[in-house]
DNA sequence: CCTAAAAATGTTAGCGCTAACATGAATAAG
DNA sequence: CTTATTCATGTTAGCGCTAACATTTTTAGG
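Protein chains in written order, with my numbering: chain Y, 1 to 339; chain R, 340 to 678.
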């Protein structure tokens, strides 16, 4: 008695069936699709016609299993609600898509432990490579990648320790916007920081170094809150900052969300921006250009970072020698009305 | 002469090897992991201990291939830079994650042809189901799903044609915000629309119907631009609208981006909001609450839409009978200072 | 025309897993 | 104590594809 046939997935048309219809073997069909130059033109055309006619759809699982290459890249980002990382993902996607790679997105929620958990979970997909946000993962993280030989590119920041990275110097950017405020004549410059991840802390370092150098540093002007940042928090923090330090004449907010909340609060309190207090943000999100006055901020090349990181990773996967493991894409201080 | 062993993927530890180490067959290990109740407790513990010890990571490709279930859901959204869809994706992700499903994101860029192309491309992954934004896909779209038996849930809008859908009535929402403006006493209410997708057009219908009913409809007060919306466009459109129709006393912008640009432009032109002109938006994005004055808009349950749609789809995949194929999650007019 | 090399196609096996069926052990029912 | 029934585990095969090797056909060089 013949046993029940197994359930089949997808369109049901297999390489083998295309082969039968076109009068060739399955492997030739595979070659016609994946390395066309290895099949004679006449045969190739006939095969491609058959593929089209029967509506063949390759099965990626079978392909991954047979070739030990998943054509899948894991991308770990701290948040999806922060436009910064979305822009990065869009850049990544554009590059991976044309290369035939699939992007798997993991949201770490700014948590190192979740990041590790996600990595473990996503290993099921046998990713060919991984794009990570930031440089400070737990030690096991690198150990796993090392052990399994999964290449990685680190995004948004720079290091010289040999890891492949694409980004800009968070510290220098923090220093640059602080220097801008100094140049405009502000002397009591506060720092407003939330969601204190490694990038925010580096911007803070840049801020501190610059003010120290100008002998204007005052630790009391630092407002730091580890909880997630929001416009709400920016509004509340601004009010508190000016109440406790009425001589504060400028605020460098570690991101645009805080800055937008801060400007809105100034309106509510009847405080002139930038005359009473100047406000600067970070990232140059779309709304930053549309506050009143428009927000001075730091434009960051997030989209390009994603795209370049993806390109670098694909090169690494292809076995190319990477001459420059550290790619600095820079940043730009965008001076607008709020300073 | 023995042939070269094939390259292997991932951690290298297979079910079979776990079985050897634990003194059982591969299938028993598989059962211990996937349907624990079918393996005796003693054996199960021993197996799980071995799995842990050897750092076994299942291979999803092999699993998909053998079981004809990919545990993958395709999610098609029109844009990734629009927060609305990100919020939806976050809702989807939360539900899929705990169910062990993987989300594949396809960005259609608001294009029906790209949507179809993406669907075809993603069939390679043999998705077990699909979540689609909107109801108006090209006819082939439904045909493909039908033919392959892939269940779908439609998000963000409602229909009674039997398709599973989770959303709210775009038309009613457009009508409601227009009615709100009427109730506040505005009489020359303009409509500002960009990125004229099906949802925007339905909001427009709601706007038209409401003004018709009040005998206040004037086609000249409709500003429509099919190109992507932006704050920039909102600013430009507002200026033009008021120049061409100085008696216009309120503007319903089809999304918050346009509205934020419009309010900013009012500041630049020295026009009081809402005294000279009232502004209303749509979606209630975060910045909407932080303009000056704060923006009147329509809050939409995007996150819940994503989550509910995912839940519905999983039920459908599990073969459950869906009693209510149409899930209306409603909307809320949020009246703030700009009206 | 012959021979060597290259190009085009085919055969075989196996990637890691689970469906289907098979068997043996434990339990229940009479 | 026998037989029927359930429960626990195993055997076999195959999902659809491609790596490795094998064979056939074509081309090149003399």
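No residue lacks a Cβ here, since even glycine has one placed at the ideal position from N, Cα and C. The structure displayed is predicted, hence computed values, not measured ones.
Secondary structure within the segment 151-238 of chain Y: the beta strand (DSSP E) runs of 3 or more consecutive residues, fully enclosed, are 152-155, 164-167, 189-194 and 222-225 (chain order). Any Cβ of chain Y closer than 8 Å to the Cβ of residue 572 (chain R) would place that residue at the interface, and such an atom is absent. For the 8 Å CB-CB criterion, residue 156 (chain Y) and residue 199 (chain Y) form a contact. Under a 10 Å Cβ-count criterion, residue 346 (chain R) is classified as exposed, with fewer than 16 other Cβ atoms of the shown protein chains found around its own Cβ. With respect to the 8 Å criterion, residue 516 (chain R) and residue 637 (chain R) are classified as neighbours on the basis of their beta carbons. By the criterion of a C-beta distance shorter than 8 Å, residue 609 (chain R) is surrounded by no residue of its chain, once the five residues flanking it on both sides are discounted. Note: residue 414 (chain R) is bridge-paired with R:444 and R:470 in the DSSP secondary-structure output. Here DSSP, grouped into helix, strand and coil, assigns residue 667 (chain R) to strand.
Per DSSP, the unbroken alpha helix (DSSP H) holding residue 386 (chain R) starts and ends at 380-393. The Cβ atoms of residue 357 (chain R) and residue 503 (chain R) do not sit closer than 8 Å to each other. The residues 493, 496 and 498, in chain order, have a CB closer than 6 Å to that of residue 474 (chain R) in the same chain once the five nearest residues on each side in sequence are set aside. Contact annotation for residue 261 (chain Y) against chain R: 629 [CB-CB distance below 7 Å, chain order]. Between the alpha carbons of residue 102 (chain Y) and residue 129 (chain Y) lies a distance of about 11 Å. Leaving aside the five residues that flank residue 385 (chain R) on each side, the residues in its chain whose CB is nearer than 7 Å to its CB run, in chain order, 361. Taking C-beta separations shorter than 7 Å and ignoring five residues to either side along the sequence, the partners of residue 433 (chain R) in its chain run 646, following chain order. Three or more Cβ pairs closer than 8 Å define a contact, and the segment 590-601 of chain R meets that threshold against the segment 613-626 of chain R. Beta-bridge partners assigned by DSSP to residue 636 (chain R): R:673. The three-state reading of DSSP puts residue 661 (chain R) in coil, since its state is none of H, G, I, E or B. The beta carbon of residue 352 (chain R) lies closer than 8 Å to those of 393, 394, 395 and 396 in the same chain, with the five residues before and after it left out.
Close partners of residue 60 (chain Y) in chain R (Cβ separation under 8 Å): 400, 463, 464 and 465. The beta carbon of residue 90 (chain Y) sits closer than 8 Å to some beta carbon of chain R. Here residue 617 (chain R) carries a strand assignment [DSSP, helix/strand/coil]. The beta carbons of residue 466 (chain R) and residue 413 (chain R) sit closer together than 8 Å. Taking all protein chains shown into account, residue 166 (chain Y) has 16 or more neighbouring C-beta atoms within 10 Å of its C-beta and is therefore buried.
Membership of residue 32 (chain Y) in the alpha helix (DSSP H) is indicated by the continuous run 26-34. Burial of residue 39 (chain Y) is indicated by the presence of at least 16 other C-beta atoms within 10 angstroms of its C-beta. Straight across, the Cα-Cα distance linking residue 243 (chain Y) with residue 217 (chain Y) is about 19 Å.
Nearest CB-CB separation between residue 68 (chain Y) and chain R: below the 8 Å threshold. For residue 589 (chain R), the three-state secondary structure derived from DSSP is strand. With fewer than 16 neighbouring CB atoms inside 10 Å of its own CB, residue 374 (chain R) falls in the exposed class.
Per DSSP, residue 408 (chain R) lies in no alpha helix (DSSP H) and is assigned neither H nor E. Of the candidates Y:186, Y:147, Y:24 and Y:86, Y:86 places its Cα closest to the Cα of residue 133 (chain Y).
Looking only at Y:175, Y:333 and Y:142, the smallest Cα-Cα distance to residue 161 (chain Y) is reached by Y:142. Separation of the CB atoms of residue 309 (chain Y) and residue 92 (chain Y) is rounded to 7 Å, and the pair is thereby assigned contact status at 8 Å. Beta-bridge annotation (DSSP): residue 622 (chain R) is paired with R:638. Taking the CA atoms as reference points, residue 404 (chain R) sits about 23 Å from residue 32 (chain Y).
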